[in-house]
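>
Residue numbers (UniProt numbering), protein chains in the order written: chain A, 1 to 344; chain B, 1 to 93.
1) I want to verify the contact list: residues of chain A whose CB lies under 9 Å from the CB of residue 91/B, in sequence order.
2) For a contact defined as C-beta to C-beta under 8 Å, what are the partners of residue 86/A on chain B?
3) Can you list, in chain order, the residues of its chain with a C-beta nearer than 6 Å to that of residue 251/A? Leave out the 5 residues immediately preceding and following it.
4) Quick check: what's the CA-CA separation for residue 277/A versus residue 167/A?
5) In terms of residue numbering, what span does the alpha helix (DSSP H) encompassing residue 12/B cover?
6) Within the chosen definition, does the segment 9-28 of chain B reach the segment 50-62 of chain B through at least 3 CB pairs nearer than 8 Å?
7) With three or more C-beta pairs closer than 8 Å as the rule, is the segment 77-92 of chain B touching the segment 30-46 of chain B?
8) Got a sec, what are the start and stop residues for the alpha helix (DSSP H) residue 134/A sits in?
9) Does residue 83/A get closer than 8 Å to chain B when you measure Cβ to Cβ?
10) Three-state secondary structure (DSSP) at residue 145/A?
11) For the beta strand (DSSP E) holding residue 248/A, just list the boundary residues, first then last.
12) So, are the CB atoms of residue 185/A and residue 326/A less than 8 Å apart?
13) Taking DSSP as the reference, what is the three-state secondary structure of residue 271/A?
14) If you measure between the beta carbons of residue 159/A and residue 112/A, is that distance less than 8 Å?
15) With H, G and I counted as helix, E and B as strand and the rest as coil, what does DSSP make of residue 16/A?
16) Taking residue 121/A as part of the alpha helix (DSSP H), name the residues at either end of that continuous run.
17) So, helix, strand or coil for residue 212/A, using DSSP?
18) Does residue 37/B come within less than 8 Å of chain A when only Cβ atoms are used?
19) Check the Cβ-Cβ distances between residue 8/B and every residue of chain A, and say whether any is below 8 Å.
20) CB-CB under 6 Å to residue 9/A, same chain, minus the five flanking residues each way: which ones, in chain order?
21) Can you find a CB in chain A that lies within less than 8 Å of the CB of residue 24/B?
22) Just list the residues that DSSP pairs residue 203/A with in beta bridges.
23) Could you give the C-beta distance for residue 136/A and residue 161/A, rounded to a whole number, given that I count them as a contact under 8 Å?
24) Mapping DSSP to helix, strand and coil, what is residue 235/A?
25) Beta-carbon separation of residue 289/A and residue 121/A under 8 Å?
26) Return the chain-ordered list of same chain residues with a C-beta closer than 8 Å to the C-beta of residue 228/A, the five sequence neighbours on each side being excluded.
Structure (structure tokens):
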């Protein structure tokens, strides 16, 4: 029934102007409306009940939300903490290894491989290993020396680089000069003459006066022995024998230079660019590399000391021949015969 | 999916938790790499990172962009893969 029709019939019903038939039909209609009304009231009651305030429900919701918030914060913290170490490790890698040949790690390696042979007579660097720990780079290596024709292990050493600061683990390499007392020429002759002729030795000879490199070669070539290292005069000051710097006999062969002297000069030029690192790695033996280089360029290369190895009796003859030209002799290690004479 | 206590759990939430779980496991392995000093688990790292990224993308699709956490998850996994590959690239030794 439409709204207008309903209104009209309601007025007629109230006035009593409806026919009995229409009256009955309209009353049925009103009953239907009562039922609708009852249904709606029931539904509304349920809805009102649902919307009623429930403190327990609120507590439960709050507790669950709190738990989720704690869980999220905990997970975020855990993830952030776990990311710190790998991220810093990546930055460490980039800092020390990026840049190819000029990376900090490679420069450290090059300086070390230059400094060790220059500052230590008859010491060779072997088994180099580059490792990178957390926030620092480490360059480890073994040191060997030659006695006769055999190479002998001296020590393991490593250099740690933290940012631009290098620290060497070993403050002092046990070389001939650091591990043995200096002997004068007579004492050295006495000691060497008591050695069996089947013994090979290594020793370091300090000259009274600087010698020309060719002059040293001429002297040494007369004897069946090998020159291992030459100490070079790099300034006019007197200093301890232990602080000599020089170059190994095969210095140029390893690096592809024309001669060991030229390689020594280019090494000093290289070290002058990395003075701070060179000083730390050499335990202060290399300082003012540029001044030393200028001195050599001005005065030429003069040999002030010599590291040699060979049969004890050959070396004894060499020392005897030098008359008063020797100020100190350091006798290093000795070994049983391992000498094979090479054609010179 | 319905749990034993009658509460319902959404599939997208479950995948989300799995993705974050994988991310955390991956980060533990990455820390292990740093502690032992070599990227020994880099394949595990990359696999877990990619898998977690995939799961986060699925969650992102299922939730139709209503939640930002899957995007954060994807970014964290991308970061972890960059760290692993970067460290491997500059690894010496």
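Virtual Cβ for every residue (Gly too), placed ideally from N, Cα, C.
This is what the structure holds:
1) Taking the first residue of the second chain as position 1, residue 91/B is located at position 91. Under the 9 Å cutoff, chain A gives 93, 97, 132.
2) The count along the first chain starts at 1 and reaches residue 86/A at position 86. Correct list: 27, 30, 31, 33, 34, 80, 83, 84, 87.
3) Taking the first residue of the first chain as 1, we reach residue 251/A at position 251. Only 260, 263 meet the Cβ criterion.
4) What you label residue 277/A is simply residue 277 of the first chain in a count that begins at 1. What you label residue 167/A is simply residue 167 of the first chain in a count that begins at 1. Whole-angstrom Cα-Cα distance: 9 Å.
5) On the second chain, residue 12/B is found 12 positions in, with the first residue counted as 1. Residue 12/B -> alpha helix (DSSP H) spans 11-36.
6) yes
7) Yes, they touch.
8) Here the question's residue 134/A lines up with position 134 in the first chain. First-last for residue 134/A: undefined, no H or E at that position.
9) Along the first chain, read from residue 1 onward, the residue named residue 83/A stands at position 83. Chain B, which has a Cβ nearer than 8 Å to the Cβ of residue 83/A, makes this yes.
10) Numbered from its first residue, the first chain carries residue 145/A at position 145. DSSP places residue 145/A in strand when its eight states are reduced to three.
11) Translated into the one-based positions of the first chain, residue 248/A becomes position 248. 245-248 is the extent of the beta strand (DSSP E) around residue 248/A.
12) For the purposes of this step, residue 185/A is taken as the residue at position 185 of the first chain. For the purposes of this step, residue 326/A is taken as the residue at position 326 of the first chain. Yes; because the gap between Cβ atoms is below 8 Å, this pair is in contact.
13) Position 271 of the first chain, counted from the start, is the residue given in the question as residue 271/A. Here residue 271/A sits in helix by DSSP.
14) By one-based count along the first chain, residue 159/A stands at place 159. By one-based count along the first chain, residue 112/A stands at place 112. Cβ distance < 8 Å, so residue 159/A and residue 112/A count as in contact.
15) Mapped onto the first chain, residue 16/A falls at position 16. Correct three-state label for residue 16/A: coil.
16) By 1-based counting over the first chain, the position of residue 121/A is 121. Element bounds for residue 121/A: n/a, residue is neither H nor E.
17) Reading the first chain from its first residue, position 212 is the one you call residue 212/A. Strand.
18) Looking up residue 37/B in the second chain gives position 37. Cβ-Cβ to chain A under 8 Å: yes for residue 37/B.
19) The residue you call residue 8/B lines up with position 8 of the second chain. Output row for residue 8/B: interface = no.
20) Locating residue 9/A in the first chain gives position 9, counting from the first residue. If we look at residue 9/A and ignore the five residues flanking it on each side, its Cβ neighbours are 26.
21) Reading the second chain from its first residue, position 24 is the one you call residue 24/B. At least one chain A Cβ lies under 8 Å of residue 24/B.
22) Locating residue 203/A in the first chain gives position 203, where the first residue counts as 1. According to DSSP, residue 203/A bridges with 308/A, 331/A.
23) Counting from one through the first chain, the residue named residue 136/A turns up at place 136. Counting from one through the first chain, the residue named residue 161/A turns up at place 161. Indeed they touch by this definition, with Cβ atoms about 6 Å apart.
24) Counting from 1 along the first chain, the entry for residue 235/A is found at position 235. Residue 235/A falls in the coil class under three-state DSSP.
25) Your numbering for residue 289/A matches position 289 in the first chain. Your numbering for residue 121/A matches position 121 in the first chain. At a Cβ-Cβ threshold of 8 Å, residue 289/A and residue 121/A do not count as neighbours.
26) Counted from its first residue, the first chain places residue 228/A at position 228. The residues are 121, 122, 146, 202, 248, 249, 307, 308, 309.
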